[in-house]
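Residue numbers (numbering that gives the first Met the number 0): 0 to 411. All C-beta atoms, glycine included, are put in the ideal place defined by N, C-alpha and C.
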Amino acid sequence: MLPALVSVNEIEKLCTHLAEVAEGKRFLLQGGDCAERFQDCQSQLIEKKLKIMIQMSLVLLWGARIPTVRIARMAGQFAKPRSNDYEVIDGEKVPSFRGENINGFEPSERIPDPQRLLEGYFHSAATLNYGRVLLDGGLADIHNAAKWDLDFVQTSTRREEYQDMVKQIINSLEFVHLCGVDSDTLKTIDLFISHEGLELGYEEAMTRQINGKYYNVGTDFLWIGDRTRQLDHAHVEYFRGIQNPIGIKVGPSLDSDELVQLIRKLWREPEKNPGRITLITRYGKDKVESLLPKHIEAVQSSGLKVIWSCDPCHGNTILAENGYKTRSFEHILFELEKTLEIHARYKSRLGGVHFELTGENVTECIGGPEGINEVDLPLRYTSYCDPRLNYSQSMEIAFLLAKSLSSSRTTR
């Protein structure tokens, strides 16, 4: 039996934090790669992933004025569901790429290989270990404004606005330090990990019975996807038995009544463990207005105190004319802002956000502060699956969301 990657104490700590998210005392930021690649288990790339999560979380903290819970899509996000079992590449029919836990990206590597599950485990362990080394070594110490790269902001007035926001964040940290708070407290953070619980063979192997309860010790947080949430299927049965907090992807195909049934099946004692369920909505910009209100009303009527999180990326994937899958920054921002508006309208609360992003300067999503367009996509498109927001697009989203959270806070 291979060692655990996370501890039960860490999982329980996240449960406590998420209970506070459900009460409106914290805000959830979840983000990372669509599908991790074994080759990206490199020190520089891991550092960039952590840096973008830390900086975004501090910007959101400034806007919401409540602590941020950080959950990275990292150290295990190696399996991906696919709509089709096969695809045609250069005239040849080959099995679809299902993530490096299952098969390889190259057509010659498409036969599923169980050995890859072990490779995924060891890459997860190495990624997580180095991430902890970075955090213990002071990566989270962002007192120095020079660590905040705002060169992506092309408009001078916008740059001044963001610089002022960063200055306020740093001044606040310095004030806390002057008040006598131990400096080490300001140099480290909690950062939890997550992945989609897709490959049940792997998840079961990472499950342990501890003090009479079952925990998945391969990650802190798992979510169940749109393709595996059927009430009478194995994934739901597995998820309902573990103590880890879990997410449910909520999209256009999920009926309101079925959503409530699913929550009740996964959440046996909702009054005893608030925050166990995070609903991650992903409709697309054209459907959020018609679908989100129905889901909010159904959950409110059930009396279940869930966390509402918005994933504005998945429902806005398009195919560019040059054949690249991409997403429009403007569409992502629209769904996010519309989701905030709808929650306010229905006296609900958006408790978190969920992004596919990277700290690298990739060219996978169009629009944003750099004005990336479709002809730019081939320049630095490295994702094996869906397109991700790059560093500048992610920071722009964080700043704009922080302004919205700040505005909604002051108008309550």
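Cα-Cα separation, Phe-26 to Glu-91: 47 angstroms
With 16 other Cβ atoms within 10 Å as the buried cut-off, status of Gln-76: buried
Trp-266, DSSP secondary structure in three states: Per DSSP, reduced to three states, the secondary structure at Trp-266 is coil, with no helix or strand assignment.
Local Cβ density within 10 Å of Phe-174, reported as buried at 16 or more and exposed below that: With fewer than 16 other Cβ atoms within 10 Å, it is exposed.
Cβ separation of Ile-245 and Val-20, assumed to be a contact under 8 angstroms, to the nearest whole Å: 14 angstroms between Cβ atoms; not a contact.
Glu-46 - containing alpha helix (DSSP H), residue span: 42-63
Glu-363 beta carbon less than 8 angstroms from that of Pro-386: yes
Beta-carbon separation (whole angstroms), Leu-138 vs Lys-50, contact threshold 8 angstroms: 7 angstroms
Span of the beta strand (DSSP E), counted from its first residue to its last, around Glu-195: It spans 191-195 - the beta strand (DSSP E) in which Glu-195 sits, taken as one unbroken run.
One or two residues paired with Ser-327 in a DSSP bridge: Beta bridge pairing from DSSP links Ser-327 with Ile-365.
Assigned exposure category for Asp-84 - 16 Cβ within 10 Å defines buried: exposed
Which listed residue (Glu-329, Ser-308, Glu-160) has its alpha carbon closest to that of Thr-316: For the options Glu-329, Ser-308, Glu-160, the alpha carbon positioned closest to that of Thr-316 is the one of Glu-329.
8 angstroms Cβ cutoff met for Pro-273 and Ala-18: yes
Thr-357 beta carbon less than 8 angstroms from that of Asn-389: yes
Among Ile-331, Ser-347, Arg-228, Ala-78, the one whose alpha carbon lies nearest that of Ile-396: Ile-331
Selected residue, minimal CA-CA separation from Glu-296, among Tyr-345, Ala-319, Tyr-380, Ile-276: Nearest neighbour of Glu-296 by Cα position, chosen from Tyr-345, Ala-319, Tyr-380, Ile-276, turns out to be Tyr-345.
Cβ neighbour criterion (16 or more within 10 Å) applied to Glu-268: exposed
Sequence-distant residues of the same chain with beta carbon closer than 7 angstroms to Ala-233, five excluded per side: Leu-199
Host alpha helix (DSSP H) of Thr-126 (start-end): 114-135
Per-residue burial, Cys-178 [other beta carbons within 10 Å of its own, 16 or more giving buried]: exposed
Per DSSP, the bridge partner or partners of Asn-215: Answer is Thr-206, bridged to Asn-215.
Per-residue DSSP class, three states only, for Leu-13: helix
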